[in-house]
Amino acid sequence: VNLLQWWISSGASPTDSLGAGPQDTTVNKSIAQLLPMLAGYQMTKQRNRRERQKLSPKLIRLGTKNGLSIASDAESDSTLYTASMQLPAKIVTDASIEALLPYADVFSKISLVSADITDEALYYIGQMQNLRELILVKSCITGEGLAYLKSLPHLELINLSYTDVTDANVLSLAQYPQLKKVYLFHTMVGAAVVDALNAHLTEAKVTFEEGPYF
């Protein structure tokens, strides 16, 4: 806190380094305590990155076996992975998603456009604690399994366009304050429910737009 106060009061330059900090005993003591913590964090982060990079060949084979294309998430600095439908598309079922569970924590984005999955697959997806984006466009879900996603701490985007989700099931999304974008194009969800979700999820935008694919 002392260090942040000094940084802000001196102009909050993004190029400032710890070495340019104030000549103040209290703040210098804070810096001395902070440096080992930062070093430890960086070492842990690098170690995790190396370990996850070793998983790439195994994950790619696993994805191929289950009709999925698995690749590193270019937007992640901790080497998380994305899973999406192969082209040309193969049959992807609930069992295909269950097969990913041994590596559940490495997935940040899942796209299952036109997959033959049901709401049971959402139970398995609900165990992917680093998931940020979930695209279920044209899948066979009804929304009964959306409650399984409640415990995902980082889920920011969910695309349910062209699915049979209903008003009652979509209302469960009101319990997900971390959501930022929800897409409900060509579903049975009514405008009143969308308005209610937008009123409750103050940081989110729930729309009837088609939303993104990948």
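Note that the working numbering numbers the sequence shown so that position 37 is 41, with each residue one more than the last. Where a beta carbon is used, it is the ideal one built from N, C-alpha and C, also for glycine.
Exercise for the section: Counting only the same chain and skipping the five closest in sequence on each side, list residues whose C-beta sits under 6 Å from that of L138. Expected result: On the sequence shown, position 134 is the one that residue 138 refers to. Only I114, I162 meet the Cβ criterion.
Practice task
Count the other CB atoms, across all protein chains shown, that sit within 10 Å of the CB of L39; report buried if there are 16 or more and exposed otherwise.
Solution key: To locate residue 39, count along the sequence shown from 1; it is residue 35. L39 comes out exposed.
Problem - Spatial distance of I12 from Q90 (CA atoms) - result: Sequence index remark: in the sequence shown, residue 12 carries index 8 (1-based). Sequence index remark: in the sequence shown, residue 90 carries index 86 (1-based). So the alpha carbons of these two residues sit roughly 48 Å apart.
Handout entry: Bounding residues of the beta strand (DSSP E) (the contiguous stretch that carries T211)
Key = On the sequence shown, position 207 is the one that residue 211 refers to. For T211, the enclosing beta strand (DSSP E) covers residues 209-211.
Practice task
Tell me whether the beta-carbon of G71 lies closer than 8 Å to the beta-carbon of I95.
Solution key: Here residue 71 refers to the residue found at position 67 of the sequence shown. Here residue 95 refers to the residue found at position 91 of the sequence shown. Contact: yes.
Handout entry: Reference T225, options F218, E160, L164, V193, closest by Cα
Key = Since the first and last residues shown for the chain are 5 and 218, residue 225 lies out of range.
Exercise for the section: Can you grab the Cα-Cα spacing for the pair L201 / K154, in whole Å? Expected result: Here residue 201 is taken as the residue at index 197 of the sequence shown, counted from 1. Here residue 154 is taken as the residue at index 150 of the sequence shown, counted from 1. Cα atoms of L201 and K154: separation of roughly 15 Å, rounded to the nearest angstrom.
Problem - N-terminal and C-terminal residue of the beta strand (DSSP E) that R115 is part of - result: Taking the first residue of the sequence shown as position 1, residue 115 is located at position 111. Here the sequence assigns Ser to residue 115, which means Arg is not the residue at that position. Under the DSSP assignment, S115 falls in the beta strand (DSSP E) whose first and last residues are 111-115.
Practice task
Report the rounded CA-to-CA distance for R54 versus V198, giving the unit in angstroms.
Solution key: To locate residue 54, count along the sequence shown from 1; it is residue 50. To locate residue 198, count along the sequence shown from 1; it is residue 194. Their backbone Cα atoms lie some 43 Å apart in a straight line.
Practice task
Have a look at the DSSP bridge pairing and note the partners of A103.
Solution key: Here residue 103 refers to the residue found at position 99 when the sequence shown is read from its first residue. Looking at the DSSP output, A103 bridges to nothing.
Problem - Residue nearest to T97 in terms of C-alpha spacing, selected from A75, K69, N173, L135 - result: Within the sequence shown, numbered from 1, the residue matching residue 97 stands at position 93. When each option's Cα is compared against that of T97, the closest is K69.
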